[in-house]
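645 is the number of the first residue of the sequence shown in my numbering; add one for each residue after it.
Glycine included, each C-beta is placed from N, C-alpha and C at the ideal position.
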Amino acid sequence: MSEVSNPFFNAMEQLDKAAGYISLDERIHTMLKQPDRLIEVAIPVVMDDGTVKIFTGYRSQYNNSLGVYKGGIRYHWNVTVDEVKALSFWMMIKCATVNIPMGGAKGGVIVNPKELSEGELERLSRGYIQKLWMVLGSDKDVPAPDVYTTPQIMGWMRDEFEKIIGKQDPGVITGKSIDQGGSEGRGFSTAQGGAYCTRELAKNMNMIPEETTIAIQGFGNAGSHMARLLSEMGYRIVAVSDSKGGIAINNKQVTTNKLNIDALTEYKARTGSVVGFEGTTEISNDDILTMDVDILVPAALENVITPENAGNIKAKAIVELANGPTTPDADEMLKKMGVVVVPDVLANAGGVTVSYFEWEQNVKGEHWTEADVLTKLEKIMVDAFHEVWSTKEQYKTDMRTAAFIKAVDRVSVKLTETL
Ligand code: GLU
């Protein structure tokens, strides 16, 4: 993997940049350059045909200065150790940016989950816990869903963990279904947090929802809910894409034209992709990034906005619902071009924030209403958005560096106590 496409290399560049702004203590800077603990495991799974296949799994526990390690588990064929490390670092920054008492961690398994039967997926998920249960727990490290992992997988993992330790610990994992002890609102909380950020951004940039066009790359859990929420708020979603390709509304210049997200969601559930939806033209997953829209929402994977395409971006603002979609070099270009980037560590922090609420409900034996959850989430997101915005103004920098400044400062106060 080249340095440019290595997410951990990119994450460390972001750290160095923020450290420069706040003259971070060199000792703390050094301590923040690697995870506290990085584990690789071999997970044997009995396949449906009776053979055994070994899958490689990881857990990176980056830092727990602010609270228990926290972060999702990704199932993807391109998972690498450096990706898991970067994602765990970003979880630390993310929790600190929105000021919730959680640390940073991430897990991953190299697998294409679409090729496994449900039984194989369950055995893989239970196998992950059999290899890692000793470092997990509601008082140690609390995983959650990420790319291609679901509430059902979280339920299997909780069950396996409790079988092994011989007692209940529902707070060992978040993103569970409601009947498994999950929180109201968790399923769409990443998008909900992103929607609150978009609303605050639009206010600060004097954009009127009905006149604001948006393109969304990715129509998975985060992207599809984001499309629904923003469209309910009045924004004009004019293009979306999924792993099979993208679509753009025909005659975008007609100001009333926009995608009908409910009909599109129903269409994707029926056909497996957004491609071919009535009244649209097919575009590629790359084309969607350079479309002439007001706001671009990358909601899929990392490293999609690079120096190769950043110069062609026409959006005035980018709301990063995916983790790590913009490389540091592309970030610099966007800054010079005057494109406002709401960084992943803020824009997609709604997911881990409601995970934190779920963990708290589990630990206290409570169940909050959806209205309660959303009120608390809105306050955290709006406060964090404006704190990052004013830090950006104060340091005359971009929002990502501003978020890192606040987050690294919070972590470093705690780390300094350990020296
Ligand atoms: N995977 C999500 C993220 O990247 C959620 C993590 C969590 O809820 O712990 O933020």
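Looking at C-beta atoms only, is the number of pairs between the segment 712–719 and the segment 735–751 that lie closer than 8 Å three or more? Yes, they touch.
Between residue 691 and residue 771, what straight-line distance do the alpha-carbon atoms span, to the nearest angstrom? 12 Å
Just curious, the alpha helix (DSSP H) that residue 836 is in, first and last residue? 833–848
Could you have a look at residue 879 and say whether DSSP puts it in helix, strand or coil? coil
Chain-order list of residues whose beta-carbon lies under 6 Å from that of residue 700 (same chain, five-residue window excluded): 754
Going by CA-CA distance only, name the one from 956, 681 and 861 that's closest to residue 888. 861
Within 8 Å, strictly: CB atoms of residue 999 and residue 788: yes
Once the 5 residues before and after residue 867 are set aside, which same chain residues still bring their CB inside 6 Å of it? Cβ-Cβ distances below 6 Å link residue 867 to 860 and 943 in the same chain, with the five nearest sequence neighbours on each side left out; the list follows chain order.
Boundaries of the alpha helix (DSSP H) in which residue 808 is found, first to last residue: Unbroken alpha helix (DSSP H) run through residue 808: 795–809.
Excluding the five sequence neighbours on either side, which residues of its own chain have a C-beta within less than 8 Å of the C-beta of residue 810, listed in chain order? Excluding residues within five positions, none has a Cβ falling inside 8 Å.
Alpha helix (DSSP H) runs contained entirely in the segment 915–979, provided each spans 4 or more residues: 951–954
Can the beta-carbon of residue 883 be found less than 8 Å from the beta-carbon of residue 905? no
For residue 718, the first and last residue of its enclosing beta strand (DSSP E): 717–720
I need the straight-line Cα distance from residue 674 to residue 996, nearest angstrom please. 26 Å
For the ligand GLU, I want to know if residue 790 counts as a neighbour, meaning its beta carbon is within less than 7 Å of at least one of the ligand's heavy atoms. yes
Going by C-alpha to C-alpha distance, which of 813, 808, 764 and 670 sits closest to residue 693? 764
Would the beta-carbon of residue 736 fall within 8 Å of that of residue 1055? yes
Nearest to residue 963 (by Cα), restricted to the options 797, 945 and 991: 991
Please report the straight-line C-alpha distance between residue 1057 and residue 731, rounded to a whole angstrom. 22 Å
Could you give the C-beta distance for residue 702 and residue 728, rounded to a whole number, given that I count them as a contact under 8 Å? 4 Å
List in chain order: all unbroken alpha helix (DSSP H) runs of 4+ residues lying wholly within the segment 659–692. Those alpha helix (DSSP H) runs which fall completely within the segment 659–692 and span 4+ residues are 670–675.
For the ligand GLU, any of its heavy atoms closer than 7 Å to the Cβ of residue 996? The beta carbon of residue 996 sits closer than 7 Å to at least one heavy atom of the ligand GLU.
Just checking residue 738 against the ligand GLU - is the residue's beta carbon closer than 7 Å to any of the ligand's heavy atoms? yes
Does DSSP classify residue 985 as helix, strand or coil? strand
Nearest candidate by alpha-carbon position, reference residue 667, set 1052, 830 and 1059: 1052
Can the beta-carbon of residue 925 be found less than 8 Å from the beta-carbon of residue 958? no
The ligand GLU and residue 999: does the residue's C-beta get closer than 7 Å to at least one heavy atom of that ligand? For the ligand GLU, at least one heavy atom lies less than 7 Å from the Cβ of residue 999.
Beta strand (DSSP E) segment containing residue 824, residue limits: Premise fails: residue 824 is in no beta strand (DSSP E) and is neither H nor E.
Count the other CB atoms within 10 Å of the CB of residue 971; is the residue buried (16 or more) or exposed (fewer)? buried
The alpha helix (DSSP H) enclosing residue 732, as first and last residue numbers: 725–741
Could you tell me which residues DSSP puts in a beta bridge with residue 703? Looking at the DSSP assignment, residue 703 forms a beta bridge with 683 and 751.
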